[in-house]
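Going line by line, the protein sequences match chains H and W.
Sequence positions in the first sequence follow the working numbering and run 194 to 416.
Sequence positions in the second sequence follow the working numbering and run 72 to 270.
Single-structure report; data block below.
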Amino acid sequence: MDGVHDLGGMHGFGPVEREENEPPFHGRWEAVVVAIEAAMLAVGCYNIDEFRHGIERMDPAHYLGSSYFEHWLDGIARVLMEKGVVDAADLDARTRLFQERPDAPLGAPPAGTGPAAGAGRRALTSFRTPVAPPRFAIGSAVTTRTMHPAGHTRLPRYARGKRGVIEAHRGFHVFPDTSAHGLGDQPQHVYSVRFEAHDLWGEAAEPNQRIYIDLWESYLLAA
Amino acid sequence: MGKNHPNVDDYVISRVRALESLLLEKGLLAPDAVDRVIRRYEASTGPMLGARAVARAWRDPAYRHRLLNDPTAALGDFGVTYDRLVVVENTPARHNVVVCTLCSCYPWDVMGLPPTWYKMPAYRSRAVSEPRQVLAEFGLVVPPEREIRVWDSSAELRYMVLPMAPASAARLDEDALAAHITREALIGVAEVHLPDGAS
């Protein structure tokens with residue numbers, strides 16, 4: 194989707210602001226979000242593509258005005274509610290409880306179960322066994338598709354309809370555009386594609402610059 | 072707090088706690104999961120497995136060759152299984168810098184937690200379109216005759232820069248060198264500098 198998350202080349206965000214002596218986490222809640230995300234992926238409540246697409250559907254103004262781990266919170270909660278893992282009314286009620294009583298007890302795991310995140314762990318890899326040879330050879334000229342899907346995609350807006358060259362083959366990987374929507378892995382070959390900065394940015398390009406993007410085969414046309 | 076750290080209100084903190092609480096009760100989140108995350112990123116896997124690999128590569132040409140050509144095997148020397156790292160090498164003719172414009176992909180297993188600026192719109196929007204300007208703001212002026220290669224991590228591969236070794240690197244052992252290799256250098260927004268008289 195052509196969402197606010199697709200930031201490459203946008204103007205207006207000002208200088209990069211660095212934080213001196215940044216701590217690993219700015220509060221316990223950030224570590225909780227990281228722990229929940231790892232557990233949900235490991236248990237299989239959702240996959241990484243569904244999670245990313247969950248974040249992409251944040252309210253755009255909220256996305257730009259909130260911190261990175263708030264993005265995660267929003268995406269995790271959205272997908273867990275959509276999948277029925279967490280009930281929206283339960284989450285709202287529990288949120289109000291902790292707003293009113295921040296020290297209320299967290300709750301405990303159900304009796305008689307072992308450590309939860311141990312069972313059913315899945316291997317988290319996007320690599321799959323190739324079922325077809327790569328269509329493009331190293332050094333081939335390609336053009337990226339002009340496409341504006343309403344759903345999830347990993348072809349950034351700034352690199353659509355552009356000329357590039359196959360730099361390297363990166364293996365055979367789960368296709369996010371289907372995986373994010375419950376349509377299966379449908380794996381494809383992935384290539385590192387090299388773009389000349391001038392072909393992406395025209396006269397605004399800086400000198401002597403190239404951009405390399407990892408792209409799935411169906412994003413590419415022989416040029 | 073500035074653009075990097077919009078104020079986090081108590082609604083967010085309460086909602087995270089609510090989600091934690093519900094997932095604990097459902098048996099989907101292990102009771103020690105949060106403590107394990109805190110321990111992992113505050114102590115044992117700070118950013119520095121990648122720094123150790125770079126330090127070793129600077130001292131050992133055979134390891135350098137493996138790190139660039141078979142990073143999975145090279146990382147395996149540290150007891151880590153990580154099969155999706157691509158290592159890109161800085162040279163006098165070429166500087167590499169890494170970004171994820173679509174989200175904030177980053178090799179956590181090798182470089183620890185990403186810095187907040189890496190995840191914010193200013194870096195993600197500009198690193199692909201005006202990298203020289205961005206690098207100059209980091210204090211790294213790359214002359215026009217030196218090529219810049221920007222790696223946008225749009226798939227499940229992850230990128231790490233192999234910085235150029237400082238002139239005096241040979242004086243230090245691997246541990247001492249690794250301590251001076253920052254995550255900024257591994258992202259490609261800084262060079263590695265050794266303090267005067269480091270030994």
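We treat Cβ as the ideally placed atom computed from N, Cα and C, and that holds for glycine.
Taking C-beta separations shorter than 6 Å and ignoring five residues to either side along the sequence, the partners of Phe365 of chain H in its chain run Arg321, Pro323, Pro380, His382, following chain order. Here the alpha carbon of His255 of chain H sits roughly 28 Å from the alpha carbon of Glu255 of chain W. Residue environment for Lys190 of chain W: buried (at least 16 other C-beta atoms within 10 angstroms of its C-beta).
Straight-line measurement puts the Cα of Tyr412 of chain H at about 25 Å from the Cα of Asn167 of chain W. Bridge partners of Ala361 of chain H according to DSSP: H:Ser385. Within the DSSP secondary-structure output, Ala415 of chain H pairs in a beta bridge with H:Val335. Uninterrupted alpha helix (DSSP H) stretches at least 4 residues long and entirely within the region 94-158 of chain W occur at 104-110, 119-130, 132-140, 142-147, given in chain order. One thing to note: Ala232 of chain H has its Cβ no nearer than 9 Å to the Cβ of Ala89 of chain W.
Distance from the Cα of Ala236 of chain W is smallest, within the candidate group W:Ala198, W:Asn140, W:Val151, W:Ala124, for W:Ala124. Residue contact check for Pro266 of chain W against chain H: no CB pair falls below 9 Å. Collapsing the DSSP output to three states places Phe320 of chain H in a strand.
At a cut-off of 9 Å between beta-carbon atoms, Ile109 of chain W makes contact with chain H.
Look at the beta carbons and you see the region 154-172 of chain W touching the region 218-226 of chain W: at least three pairs across the two are nearer than 8 Å. At a cut-off of 9 Å between beta-carbon atoms, Gly183 of chain W makes contact with chain H. At the C-beta level, His374 of chain H and His264 of chain H stay beyond 9 Å of one another. About 4 Å separates the beta carbons of Tyr177 of chain W and Pro185 of chain W, which is inside the 8 Å limit, making them a contact pair. Residue pairing from DSSP places Ile404 of chain H in a beta bridge opposite H:Phe388, W:Val221. In the DSSP assignment, Leu233 of chain W falls within the beta strand (DSSP E) that extends over 229-233. Within the DSSP bridge table, the entry for His345 of chain H names no partner. Listed in chain order, the positions of the region 226-238 of chain W with a beta carbon within less than 8 Å of a beta carbon of chain H are Ala226, Glu227, Leu228. Remark: C-beta atoms of Arg350 of chain H and Gly202 of chain H approach each other more closely than 9 Å. Secondary structure in the region 155-199 of chain W: the beta strand (DSSP E) runs of 3 residues or longer, each lying completely within the stretch, are 156-160, 165-170 in chain order. For Ile331 of chain H, the number of other beta carbons within 10 angstroms of its own is below 16, and it is reported as exposed.
For the options W:Leu100, W:Pro102, W:Arg137, W:Phe149, the alpha carbon positioned closest to that of Leu233 of chain W is the one of W:Arg137.
Against Val383 of chain H, the close residues of chain W are Ala226, in the order they occur along the chain (beta-carbon pairs closer than 7 Å). Here DSSP, grouped into helix, strand and coil, assigns His246 of chain H to helix.
The Cβ atoms of Thr336 of chain H and Ala415 of chain H lie closer than 9 Å to each other. Ranked by how close their Cα comes to the Cα of Ala297 of chain H, the residues W:Ser85, W:Asp267, W:Pro163, W:His264 have W:Ser85 in first place.
For Arg356 of chain H, the pairing in a beta bridge is given by DSSP as H:Thr336. Contact note: Asp199 of chain H reaches chain W through Thr172, Leu173, using a C-beta cutoff of 9 Å and chain order.
By the neighbour-count criterion, in which a residue is buried when 16 or more other Cβ atoms sit within 10 angstroms of its Cβ, Tyr230 of chain W is buried.
Proximity of Met191 of chain W to chain H, defined by a Cβ-Cβ separation below 9 Å, is satisfied.
A check of alpha carbon separations from Trp129 of chain W across W:Ala238, W:Val260, W:Gly259, W:Leu94 identifies W:Ala238 as the nearest.
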